[in-house]
Amino acid sequence: MAVYALPTELICQVFTELASPSDFFNLQLASKSFNAISDVPSVRRAFLEKLFTPSRKHIFATTKEQWSDETFKGICAFLESSNIKPAYTDIRLVIQQVPTSHFCNFLYPSNDVKRAILNLFKSQALPAQSSKPLTIPTLDNDILAQAEYVVYQEATSHMAPRRIFYNVTLKKDSDKFSRDQHFYAIFHHIDCLVAFDDDLNMHAGIPQYKDESIITSAAWESLLSSESVEINNMPTAGGPRRMPVGEEAFSCTLEDLPKPEKPKPCLLRTFSNCELLNDIAKGGLKKGQQFDYVFMYEHEDDDSICMEFCTADDGAVTPRGYLLMTENNIKWQ
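This is the structure:
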């Protein structure tokens with residue numbers, strides 16, 4: 001009997017028994033009816049539960065962290081509703097594929113499930129050095145917050161670099177929150193952040209950056225105007241990526257990877273045909289001055305953002321001035 005002639009219940013069972021997301025995707029394309037079956041959330045969840053059961057057992061064997069069946073099913077439901085195609089069988093690696101927006105929008109069945117999902121990053125966290133606290137920003141002159149752990153995620157073609165901080169305490173008044181406000185975890189992007197307090201309630205905010213007398217968000221609305229913006233998210237230096245890619249990486253576990261470290265700085269964006277909206281001392285730049293390009297990239301030695309103002313003359317791109325924008329505060333939503 002051809003698989004097309006099987007009852008729907010048996011076809012659903014075939015989907016849940018497949019060995020990889022690629023097999024699932026290929027069977028999904030076999031016919032319109034198969035595509036419809038593959039889109040049923042319960043079928044997708046059952047497939048992920050089977051796919052990640054070995055990872056669940058491996059995590060317990062190596063870390064002694066044990067999830068109840070309800071928590072495990074909740075984690076798989078979270079991943080299913082994110083619509084990602086898992087690139088790994090280790091659930092601690094797959095979680096890195098999930099965009100931050102999904103952590104905000106998912107309806108968590110319980111706080112136990114929510115905490116377990118947030119904790120999936122913790123195994124790759126870098127602790128604060130005993131001699132120097134982990135601060136936001138890393139510069140010591142105007143500390144916004146202090147954290148116990150941080151997870152660095154490399155930029156990809158689909159996602160900007162992301163940091164996840166754990167056990168975070170504000171060190172200055174910040175809009176609606178006062179000094180000493182504590183957060184369980186903060187997802188930190190260049191242009192936005194999502195914080196979960198100790199009760200796991202979510203709060204969203206926009207980082208504010210400062211250099212010289214200029215204070216602005218990463219939209220740079222008070223710094224420059226431009227005709228176009230290209231999102232790059234590419235390392236400024238070569239070298240192998242920590243996270244493997246491709247079919248050969250599918251079965252690897254967290255323990256197979258190099259130890260976590262701070263990733264290489266990235267070129268984040270390129271602004272073209274720009275006009276400066278403020279005077280800048282570094283380079284003697286003046287309000288109204290025109291630039292062919294403004295490059296926005298992560299500073300190599302700390303977490304400030306470098307804005308490099310350049311002109312293009314006879315094919316040569318020449319730097320004319322710069323700013324080092326350091327996170328100064330948070331505008332909470």
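Numbered continuously in full-length UniProt numbering, the sequence shown closes out at residue 333.
C-beta atoms are modelled at their ideal positions from N, C-alpha and C, and glycine is treated no differently.
No experiment lies behind these values; they were computed from the predicted model shown.
**Item:** Cutoff 7 Å; reference T16; Cβ partners in own chain excluding five residues on either side
**Value:** The residue you call residue 16 lines up with position 16 of the sequence shown. The residues are V43, A46, F47 and K50.
**Item:** Every unbroken beta strand (DSSP E) inside the segment 235-309 [3 residues or more]
**Value:** Taken in chain order, the complete beta strand (DSSP E) segments of 3 residues or longer contained in the segment 235-309 are 266-276 and 290-298.
**Request:** Assuming H182 contacts D199 (C-beta within less than 8 Å), just tell me the rounded distance between them.
**Result:** Position 182 of the sequence shown, counted from the start, is the residue given in the question as residue 182. Position 199 of the sequence shown, counted from the start, is the residue given in the question as residue 199. Actually they are not in contact, since the Cβ atoms of H182 and D199 sit about 11 Å apart, beyond 8 Å.
**Message:** Would V168 and I186 qualify as a contact pair, given that the criterion is a beta-carbon distance under 8 Å?
**Reply:** Within the sequence shown, the letter at position 168 stands for residue 168. Within the sequence shown, the letter at position 186 stands for residue 186. Their beta carbons are under 8 Å apart, which means V168 touches I186 by this criterion.
**Prompt:** Over what stretch of residues does the beta strand (DSSP E) that includes V317 continue unbroken?
**Reply:** Taking the sequence shown and counting its residues from 1, the one referred to as residue 317 is at position 317. Where V317 is concerned, the enclosing beta strand (DSSP E) stretches over A316 to W332.
**Item:** Every unbroken alpha helix (DSSP H) within the segment 69-130, with a cutoff of 4 residues, ordered by chain
**Value:** 69-81, 91-94, 100-105 and 111-118
**Request:** Indicate the three-state DSSP secondary structure (helix, strand or coil) for A36 in the structure shown.
**Result:** Here the question's residue 36 lines up with position 36 in the sequence shown. Of the three classes helix, strand and coil, the one that applies to A36 here is helix, per DSSP.
**Spatial distance of L323 from K57 (CA atoms)** = Walking along the sequence shown from the start, residue 323 turns up at place 323. Walking along the sequence shown from the start, residue 57 turns up at place 57. Looking at the two C-alpha atoms, the distance is approximately 49 Å.
**Endpoints, the beta strand (DSSP E) within which N201 is located** = The residue labelled residue 201 in the question sits at position 201 within the sequence shown. Careful: N201 lies outside any beta strand (DSSP E) and carries neither H nor E.
**Prompt:** Three-state secondary structure (DSSP) at Q208?
**Reply:** The residue labelled residue 208 in the question sits at position 208 within the sequence shown. Three-state DSSP puts Q208 in a strand.
**Request:** In angstroms with no decimal places, state the Cα-to-Cα distance between C306 and A281.
**Result:** Counting from one through the sequence shown, the residue named residue 306 turns up at place 306. Counting from one through the sequence shown, the residue named residue 281 turns up at place 281. In a straight line, the C-alpha of C306 is about 14 Å away from that of A281.
**Asked** So what does Y152 bridge to, in DSSP terms?
**Response** Sequence index remark: in the sequence shown, residue 152 carries index 152 (1-based). Residue pairing by DSSP places Y152 opposite R163 in a beta bridge.
**Asked** Since P207 contacts L193 with CB under 8 Å, what's their CB separation in whole angstroms?
**Response** Working through the sequence shown from its first residue, we reach residue 207 at position 207. Working through the sequence shown from its first residue, we reach residue 193 at position 193. Rounded, the Cβ-Cβ distance is 6 Å, consistent with contact.
**Cut-off 6 Å between Cβ atoms - residues of its own chain near N141, not counting five sequence neighbours on either side** = Stepping through the sequence shown from its first residue, residue 141 is reached at position 141. Result list for N141: empty, nothing under 6 Å.
**Message:** On the CB-based measure, 16 or more other CB atoms within 10 Å of its CB, does T63 come out buried or exposed?
**Reply:** Working through the sequence shown from its first residue, we reach residue 63 at position 63. Classification for T63: exposed.
**Message:** So C266 and P161 are supposed to be a Cβ contact under 8 Å. How far apart are they, rounded?
**Reply:** As a working note, residue 266 is residue 266 in the sequence shown. As a working note, residue 161 is residue 161 in the sequence shown. Indeed, because the Cβ distance is near 6 Å, the residues count as touching under 8 Å.
**Message:** Whole angstroms are fine: how far does the CA of T326 sit from the CA of L276?
**Reply:** As a working note, residue 276 is residue 276 in the sequence shown. As a working note, residue 326 is residue 326 in the sequence shown. Computed Cα separation, rounded: 19 Å.
**Message:** The beta strand (DSSP E) that contains I59, what's its start and end?
**Reply:** Sequence index remark: in the sequence shown, residue 59 carries index 59 (1-based). Note, I59: premise wrong, no beta strand (DSSP E); alpha helix (DSSP H) at P41 to T63.
**Message:** Assuming contact is defined by CB atoms lying nearer than 8 Å, are F165 and I190 in contact in what I supplied?
**Reply:** The count along the sequence shown starts at 1 and reaches residue 165 at position 165. The count along the sequence shown starts at 1 and reaches residue 190 at position 190. For F165 and I190, no; Cβs fall outside 8 Å.
**Item:** Residue environment, M1, which counts as buried when at least 16 other CB atoms sit within 10 Å
**Value:** The residue given as residue 1 occupies position 1 in the sequence shown. Note that M1 has pLDDT 45, beneath the 50 cutoff, so the model's placement of it is unreliable and the number below is only indicative. Label assigned to M1: exposed.
**Prompt:** For the alpha helix (DSSP H) that Q28 lies in, which residues bound it at each end?
**Reply:** The sequence position of residue 28 within the sequence shown is 28, counting from 1. Its alpha helix (DSSP H) spans residues P21 to Q28.
**Item:** Sequence-distant residues of its chain with Cβ nearer than 6 Å to Q97 (five each side left out)
**Value:** The residue you call residue 97 lines up with position 97 of the sequence shown. For Q97, where only same-chain residues beyond five positions count, the Cβ hits under 6 Å are I84.
**Message:** With DSSP as the reference, identify every bridge partner of T169, one or two as the case may be.
**Reply:** In the sequence shown, residue 169 corresponds to position 169, counting from 1. Bridge partners of T169: Q146 and H182.
**Message:** Give me, in chain order, the residues of the same chain whose beta-carbon lies closer than 8 Å to that of S217; leave out the 5 immediate sequence neighbours on both sides.
**Reply:** What you label residue 217 is simply residue 217 of the sequence shown in a count that begins at 1. The answer, listed in chain order, is D191, I206, P207, Q208, Y209 and K331.
**Message:** Checking 8 Å against the spacing of the C-beta atoms, do A116 and I91 come in under that value?
**Reply:** Position 116 of the sequence shown, counted from the start, is the residue given in the question as residue 116. Position 91 of the sequence shown, counted from the start, is the residue given in the question as residue 91. The Cβ atoms of A116 and I91 lie no closer than 8 Å to each other.
**Item:** Nearest-angstrom Cα separation, counted from H188 out to D279
**Value:** The sequence position of residue 279 within the sequence shown is 279, counting from 1. The sequence position of residue 188 within the sequence shown is 188, counting from 1. Looking at the two C-alpha atoms, the distance is approximately 29 Å.
**Selected residue, minimal CA-CA separation from V150, among K172, S20, F78 and Y184** = Residue mapping note: residue 150 aligns to position 150 of the sequence shown, counting from 1. It is Y184 whose Cα lies nearest to the Cα of V150.
**As assigned by DSSP and simplified to three states, the class of I215** = Counted from its first residue, the sequence shown places residue 215 at position 215. I215 falls in the strand class under three-state DSSP.
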